[in-house]
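Top to bottom, those sequences are chains A and B. 54 is the number of the first residue of the first sequence in my numbering; add one for each residue after it. 54 is the number of the first residue of the second sequence in my numbering; add one for each residue after it.
2 protein chains.
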Amino acid sequence: MRKRPVTSQEVANLAGVSQSAVSRCFSPNASIAPKTKEKVLAAAQQLGYRPNAIARSLITRSSRTIAVVMSQLDNPFYAQMLEYASRRFQQHGYHLLLFMSSDEQETASVMSDILQSQADGILMLAATLSSSLAKECVARGIPVVMINRTVAFEGVSQVASDNYHGGYWVGRHLVESGCERIAFLAGLADSSTSSQRRQGFLDALAEHGVACWAEAVGDYDFTTAQAATRALFKADVYPDAVFAANDHMAIAVIDTLKAELGLQVPHDVAVVGFDNIPVAAWPSYQLTTVQQPIEAMVDEATALLLGQIASGQVMGERKVLPVTPIVRDSAARDSSLTLCAHAQPVRK
Amino acid sequence: MRKRPVTSQEVANLAGVSQSAVSRCFSPNASIAPKTKEKVLAAAQQLGYRPNAIARSLITRSSRTIAVVMSQLDNPFYAQMLEYASRRFQQHGYHLLLFMSSDEQETASVMSDILQSQADGILMLAATLSSSLAKECVARGIPVVMINRTVAFEGVSQVASDNYHGGYWVGRHLVESGCERIAFLAGLADSSTSSQRRQGFLDALAEHGVACWAEAVGDYDFTTAQAATRALFKADVYPDAVFAANDHMAIAVIDTLKAELGLQVPHDVAVVGFDNIPVAAWPSYQLTTVQQPIEAMVDEATALLLGQIASGQVMGERKVLPVTPIVRDSAARDSSLTLCAHAQPVRK
DNA sequence: GGCGCTGTTGCATACGAATGCAAATGCTTT
DNA sequence: AAAGCATTTGCATTCGTATGCAACAGCGCC
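See the structure below:
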């Protein structure tokens with residue numbers, strides 16, 4: 054049977070003090086005599102008392118909980134983010150309530166749960182939010198921070214890496230490496246990250262008088278990216294470079310080229326990704342990519358959330374963090390590298 | 054400023070009913086007249102009322118929350134588990150509270166948070182628990198289910214895949230493939246999964262009159278596994294097969310062999326892993342491995358937790374689920390496959 | 001019309017801890 | 001010894017919702 058939990062009242066009885074005294078022993082800045090505290094803690098220990106966080110939340114009106122909404126955990130990039138975020142918030146005495154949501158409809162139902170759960174803040178990792186829901190959160194004074202997504206509403210904060218300049222660097226790097234038939238493999242059609250990377254990339258090509266050879270969509274998914282690769286390479290004259298909107302897809306491209314099409318990377322085709330996930334560094338891939346500053350992004354998101362929670366002021370702030378090009382073998386034919394405005398290339 | 058939330062009392066006033074009536078509108082099986090419900094819902098809608106889950110939890114003594122303790126999210130195997138578990142519990146109206154914990158000490162502090170949080174159940178993914186903490190959970194009537202770990206205490210439930218027979222299959226498969234110098238790469242020294250896989254593996258070798266050629270420890274970590282590989286292969290006569298206790302390490306072995314030692318897989322060395330993570334199927338690796346039934350394991354864990362929560366009976370149950378050998382190129386020299394008692398090989 | 005029945009409703013209380021306020025304690029000071 | 005002050009303590013109330021109980025309404029039936 055479920056045991057009835059020990060309450061502060063019972064501890065108070067045993068210690069011969071009032072319930073308030075017990076409560077004060079477990080509040081950081083409460084006024085309590087050392088001797089009393091000792092007595093109370095002994096009694097608490099003896100009974101196995103643990104303060105009930107639910108009751109505390111009710112009266113303090115703060116659950117010390119952050120709701121996290123994620124769309125994909127199979128992408129190691131976001132898994133890493135989640136892990137780091139969890140540790141970060143744990144340090145500040147906050148806990149994460151995890152929600153998975155693939156589509157916007159699911160997000161609506163999930164948001165309803167979140168609002169009922171009294172979370173103190175909401176962190177969205179690559180998940181989108183309808184503006185009506187965003188508005189409701191802001192109206193209730195719950196800060197929302199989105200990582201790597203944008204939303205058409207002002208009240209929510211956004212943290213992203215500099216996708217535009219990352220894409221720009223890739224475009225320039227490929228052109229300067231001597232590539233001539235450069236293709237782009239997009240992520241999800243409606244994702245801001247993919248389109249910003251694409252825009253920077255196209256601008257770089259244009260500045261060098263090169264047009265994008267071909268485009269395809271891979272939905273940030275391995276299998277879809279494989280199919281897209283086959284489509285891109287079925288013509289007699291195929292691309293000599295592919296920029297995939299993330300590493301996951303870039304890996305799929307490399308594997309498909311090697312295994313199905315008998316093409317060598319980078320000898321026949323240069324491939325560049327985005328994110329710098331751990332796999333990218335593996336000897337089999339040696340993927341040239343653009344590193345997103347995971348920890349800095351999470352730190353920024355944490356600071357925004359905790360800051361707004363503390364101040365009670367919910368406002369939409371935007372942070373764009375610099376990215377770092379990582380040059381590896383998959384696209385490094387020519388090493389005449391030059392610096393990009395916002396990005397220092399690093400050879401690893 | 055943080056807005057004062059709308060309460061059921063305010064809705065009641067607007068709708069011209071009592072607070073109880075409002076409450077009953079949001080409880081599934083409460084007795085309420087359709088006409089009243091309509092009035093109340095309209096008022097709730099107008100005010101933007103959402104029931105406060107904290108207050109509800111306090112009175113019902115059930116938070117509808119499951120605490121999840123994880124040790125590693127960088128292993129896609131556990132990331133997949135978490136994602137599936139989240140969706141599964143979401144379906145049942147439960148939410149996940151996520152905690153990361155690497156070592157046993159951290160787990161102790163995390164458990165303290167969990168007990169205060171009034172979670173209805175605890176799910177441990179590849180994390181260990183001291184028996185004193187386990188005992189406390191059981192004493193409080195909080196069910197605990199561990200996936201892929203064992204604990205020296207009876208009250209907690211355990212779900213695991215059949216590591217022993219998985220290891221056994223690997224041992225036999227390698228011997229029957231003609232390998233003679235077979236090495237084992239262990240995971241964490243104290244993990245039950247690694248030692249069970251090892252035991253099955255060694256038993257299979259012994260039954261065929263073969264001794265294990267060498268052993269090393271890789272801590273389930275890419276870099277450590279790379280170092281271990283170098284150690285295993287530094288002698289003139291090196292292994293002709295390696296069984297790594299999980300895929301993550303097996304991939305590290307393959308990469309290290311190819312990139313640093315100039316050895317071909319499977320031509321020079323056969324490599325087998327465990328888990329069947331998505332990477333294992335990638336064309337570059339084609340890793341022979343033993344698949345753990347992720348969804349079945351989570352389903353089982355979910356059923357155990359929800360069952361014990363519903364009945365109020367906390368008890369230690371053990372479930373061992375069958376594994377499925379997956380034969381791919383990394384270890385398939387000879388295809389004279391035979392069936393293993395608990396495992397049907399599948400060619401994918 | 002009175003009786004009993006089913007289905008709704010409101011009242012009052014409970015959940016467990018935090019906190020403003022006033023009372024009480026202990027200590028110093030003159 | 002009395003007054004003054006700072007610190008500690010207990011009392012009573014509060015957070016927002018669920019629920020047992022009693023009151024009540026509506027209905028059909030004899």
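Backbone N, C-alpha and C define an ideal beta-carbon position, used for all residues, glycine too.
One or two residues paired with residue i in a DSSP bridge
{"i": "T89 of chain A", "result": "T89 of chain A pairs with nothing; no bridge assigned."}
{"i": "L135 of chain A", "result": "Beta-bridge pairing links L135 of chain A to no other residue."}
{"i": "Q211 of chain A", "result": "A:M199, A:R371"}
{"i": "F79 of chain B", "result": "DSSP lists no partner for F79 of chain B."}
{"i": "T341 of chain B", "result": "B:V325"}
{"i": "L149 of chain A", "result": "A:I119, B:L151"}
{"i": "A294 of chain A", "result": "A:I235, A:A323"}
{"i": "P378 of chain A", "result": "A:V343"}
Three-state secondary structure assigned by DSSP to residue i
{"i": "G174 of chain A", "result": "strand"}
{"i": "A108 of chain B", "result": "helix"}
{"i": "V399 of chain B", "result": "The pLDDT assigned to V399 of chain B is 49, lower than 50, so where the model puts this residue is not dependable; a value taken from the coordinates is nonetheless given after this. Strand, per DSSP."}
{"i": "T160 of chain A", "result": "helix"}
{"i": "E63 of chain A", "result": "helix"}
{"i": "P336 of chain A", "result": "coil"}
{"i": "S383 of chain A", "result": "helix"}
{"i": "H301 of chain B", "result": "helix"}
{"i": "D328 of chain A", "result": "strand"}
{"i": "L358 of chain B", "result": "helix"}
{"i": "P129 of chain A", "result": "helix"}
{"i": "L241 of chain B", "result": "coil"}
{"i": "M199 of chain A", "result": "strand"}
{"i": "L316 of chain A", "result": "coil"}
{"i": "G323 of chain A", "result": "The sequence shown places Ala at residue 323 of chain A, not Gly. Strand at A323 of chain A."}
{"i": "T309 of chain A", "result": "helix"}
{"i": "A180 of chain B", "result": "coil"}
{"i": "V351 of chain A", "result": "helix"}
{"i": "V191 of chain A", "result": "helix"}
Outcome for residue i when other beta-carbon atoms lying within 10 angstroms are tallied against a minimum of 16
{"i": "P319 of chain B", "result": "buried"}
{"i": "Q98 of chain A", "result": "exposed"}
{"i": "D293 of chain B", "result": "buried"}
{"i": "D289 of chain B", "result": "exposed"}
{"i": "H218 of chain B", "result": "buried"}
{"i": "G146 of chain A", "result": "exposed"}
{"i": "E207 of chain A", "result": "exposed"}
{"i": "E353 of chain A", "result": "buried"}
{"i": "I379 of chain A", "result": "buried"}
{"i": "S154 of chain B", "result": "buried"}
{"i": "A65 of chain A", "result": "buried"}
{"i": "Q144 of chain A", "result": "exposed"}
{"i": "P129 of chain A", "result": "buried"}
{"i": "R371 of chain A", "result": "exposed"}
{"i": "E136 of chain B", "result": "buried"}
{"i": "S31 of chain A", "result": "Examination of residue 31 of chain A is not possible in this model, given that chain A is present from 54 through 401 alone."}
Neighbour list for residue i in chain A, Cβ cutoff strictly below 9 Å
{"i": "R251 of chain B", "result": "Result: empty, since nearest Cβ-Cβ is about 26 Å, beyond 9 Å."}
{"i": "S139 of chain B", "result": "M123, L126, L151, F152, M153"}
{"i": "P375 of chain B", "result": "The contacting residues do not exist; P375 of chain B stays about 24 Å from chain A at best."}
Proximal residues of chain B, C-beta to C-beta of residue i below 7 Å
{"i": "D308 of chain A", "result": "W335, P336, S337"}
{"i": "L319 of chain A", "result": "According to the sequence as given, residue 319 of chain A is Pro; it is not Leu. Ordered by position in chain B, no residue passes the 7 Å Cβ test against P319 of chain A, which lies about 15 Å from the chain."}
{"i": "P104 of chain A", "result": "Q169"}
Amino acids of chain A, ordered along the chain, whose beta-carbon sits closer than 7 Å to that of residue i
{"i": "M302 of chain B", "result": "Near M302 of chain B there are no residues of chain A at all, since even the closest Cβ is about 13 Å away, more than 7 Å."}
{"i": "I107 of chain B", "result": "I107, S110, L111, S116, Q171"}
Partner residues on chain B for residue i, Cβ-Cβ distance less than 8 Å
{"i": "H148 of chain A", "result": "L150, L151, F152, D166, S170"}
{"i": "S247 of chain A", "result": "Within 8 Å Cβ-Cβ: nothing; S247 of chain A doesn't reach chain B, min ~21 Å."}
Residue i: contacting residues in chain B (beta-carbon distance under 9 Å)
{"i": "G101 of chain A", "result": "E189, A192, R193"}
{"i": "P81 of chain A", "result": "Simply none; closest approach about 15 Å."}
{"i": "P292 of chain A", "result": "Those do not exist, as P292 of chain A stays about 19 Å from chain B at its closest Cβ, beyond 9 Å."}
Residue i: CB within 8 Å of a non-hydrogen atom of the ligand ZN
{"i": "A96 of chain B", "result": "Absent from the structure shown: the ligand ZN. Ligands present: none."}
Interface partners of residue i on chain A, CB under 8 Å
{"i": "D127 of chain B", "result": "P129, A132, Q133, E136, P331"}
{"i": "A312 of chain B", "result": "P336, S337"}
{"i": "P87 of chain B", "result": "Per Cβ cutoff of 8 Å: no residues; P87 of chain B is ~23 Å from chain A at best."}
Please give the ranges of any alpha helix (DSSP H) in the region 247–285 of chain B, keeping only runs that are unbroken, at least 4 residues long and fully inside the region.
275–285
What are the start and end residues of each continuous alpha helix (DSSP H) run of 4 or more residues lying completely inside the region 213–238 of chain A, in chain order?
216–229
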